[in-house]
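*Asks:* Take this structure, written in structure tokens, and hold onto it; I'll ask about it next.
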Amino acid sequence: MSDPLAVIAGLPGVPEAVQEAREAVDRLYRHRVLRRRGPEVSAESALRGARASAAIEGVDVPLEPLRMGEVTDPVVQGALRASAELGRLAPTWRSAPRQVLARLHALAAAGLTADPGRPRTAPTTADPLGLGPAPGPEETAARMSALAGLVTNSTAPALVLAAIVHAELVVLRPFGVADGLVARAAERLTLVELGLDPKSLAVVEVGHADLGDAYAEGLRAYLKGTGEGVGTWVRHCASAVVHGVRETTAICEAMSR
Numbered sequence: 006m007s008d009p010l011a012v013i014a015g016l017p018g019v020p021e022a023v024q025e026a027r028e029a030v031d032r033l034y035r036h037r038v039l040r041r042r043g044p045e046v047s048a049e050s051a052l053r054g055a056r057a058s059a060a061i062e063g064v065d066v067p068l069e070p071l072r073m074g075e076v077t078d079p080v081v082q083g084a085l086r087a088s089a090e091l092g093r094l095a096p097t098w099r100s101a102p103r104q105v106l107a108r109l110h111a112l113a114a115a116g117l118t119a120d121p122g123r124p125r126t127a128p129t130t131a132d133p134l135g136l137g138p139a140p141g142p143e144e145t146a147a148r149m150s151a152l153a154g155l156v157t158n159s160t161a162p163a164l165v166l167a168a169i170v171h172a173e174l175v176v177l178r179p180f181g182v183a184d185g186l187v188a189r190a191a192e193r194l195t196l197v198e199l200g201l202d203p204k205s206l207a208v209v210e211v212g213h214a215d216l217g218d219a220y221a222e223g224l225r226a227y228l229k230g231t232g233e234g235v236g237t238w239v240r241h242c243a244s245a246v247v248h249g250v251r252e253t254t255a256i257c258e259a260m261s262r
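Per my numbering, residue 6 is the first one in the sequence shown, and the count goes up by one each step.
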């Protein structure tokens with residue numbers, strides 16, 4: 006059976022964007038600091054990524070209080086918990102994506118809902134990005150099943166699959182709360198597990214945040230369902246990776262001083 010993401014991978018501008026992101030990550034991996042301080046860089050990347058993901062959800066906190074453990078906001082704490090678990094979840098992501106997503110939501114939404122980790126069975130009014138109503142529970146369940154199949158079977162480039170995973174989770178809002186946190190964690194997990202960024206160094210969440218309105222605009226383009234719209238979103242995700250690499254390069258440079 007043909008891979009439905011193959012068409013997306015070949016959309017105008019997408020192969021070039023994927024290649025640019027790949028080259029940016031490859032350059033990062035050659036940074037001299039990573040030879041001796043790679044785990045520290047990855048930990049700092051995870052911290053900054055969680056902070057940026059929470060900021061996209063509307064909870065923007067300074068980095069230093071977060072580093073010192075002084076931030077108790079449940080959205081921020083959820084982002085931190087999900088980020089910290091990615092290394093343990095990566096090996097089972099492709100074989101059991103639904104279980105991994107449930108675990109990510111249980112971590113991200115603790116303190117935000119009475120039933121974290123369970124997909125919604127009713128309509129939701131959640132719309133933090135102003136994308137419009139989410140699909141109903143039946144359509145959402147069907148599309149989540151299709152998404153799980155893509156995670157398990159797709160041979161598309163890591164960035165393409167990661168972009169689709171991210172968009173579907175934000176658009177469908179399968180849990181009804183903290184879906185954005187789960188979506189961005191799952192994107193990063195896909196980049197790690199499919200080999201684009203196996204050490205989880207690129208702060209892709211910072212890339213999305215730094216690109217400002219382009220994040221929601223890219224998702225709105227994706228919602229149109231056209232080749233042009235989907236391509237716009239995938240190219241945005243490639244730009245987020247490139248911006249995330251710049252953030253990690255700055256981390257490396259700071260550690261080298």
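Just so it is clear, CB atoms sit at the ideal spot from N, CA and C, and this is done for glycine as well.
Once DSSP output is grouped into helix, strand and coil, what is the label at Ala167?
*Replies:* Note: Ala167 maps to helix in three-state DSSP.
*Asks:* Count the CB pairs spanning the stretch 218-238 and the stretch 190-210 that are closer than 8 angstroms, and state whether there are at least three.
*Replies:* Judged by Cβ distances under 8 angstroms, the stretch 218-238 makes no contact with the stretch 190-210, as fewer than three pairs qualify.
*Asks:* Smallest Cα separation from Gly135: which of Ile61, Leu216, Glu75, Arg42?
*Replies:* Ranking the options by Cα distance to Gly135, first place goes to Ile61.
*Asks:* For Thr231, list the residues DSSP reports as bridge partners.
*Replies:* Thr231 pairs with nothing; no bridge assigned.
*Asks:* Grouping DSSP H, G and I as helix and E and B as strand, with all else coil, what is Thr118?
*Replies:* Here Thr118 sits in strand by DSSP.
*Asks:* Under a Cβ-count criterion, where at least 16 other Cβ atoms within 10 Å of its own Cβ denotes burial, should Val12 be classed as buried or exposed?
*Replies:* Per the 10 Å Cβ criterion, exposed.
*Asks:* Is the beta carbon of Leu153 sitting closer than 7 angstroms to the one on Pro102?
*Replies:* Position check: residue 153 holds Ala in this sequence, whereas Leu was assumed. For Ala153 and Pro102, yes; Cβs fall inside 7 angstroms.
*Asks:* Quick check: Ala4 and Ala89, are their CB atoms within less than 7 angstroms of each other?
*Replies:* Because the chain is modelled from 6 through 262, residue 4 falls outside the range shown and cannot be assessed.
*Asks:* With distance defined between alpha-carbon atoms, name the residue in Leu177, Glu75, Thr237, Val156 nearest to Thr97.
*Replies:* The option with the nearest alpha carbon to Thr97 is Val156.
*Asks:* Hey, how far is the Cα of His171 from the Cα of Leu71?
*Replies:* C-alpha separation (whole angstroms): 25 angstroms.
*Asks:* Would you kindly work out how many angstroms separate the C-alpha atoms of Val142 and Ala111, rounded to a whole number?
*Replies:* For the record, residue 142 in the displayed sequence is Pro; it is not Val. The alpha-carbon atoms of Pro142 and Ala111 are separated by roughly 19 angstroms.
*Asks:* Terminal residues of the continuous alpha helix (DSSP H) containing Val66?
*Replies:* Looking at the DSSP string, Val66 is not in any alpha helix (DSSP H), and its letter there is neither H nor E.
*Asks:* For the alpha helix (DSSP H) that contains Ser47, what are its first and last residues?
*Replies:* First-last of the alpha helix (DSSP H) with Ser47: 39-61.
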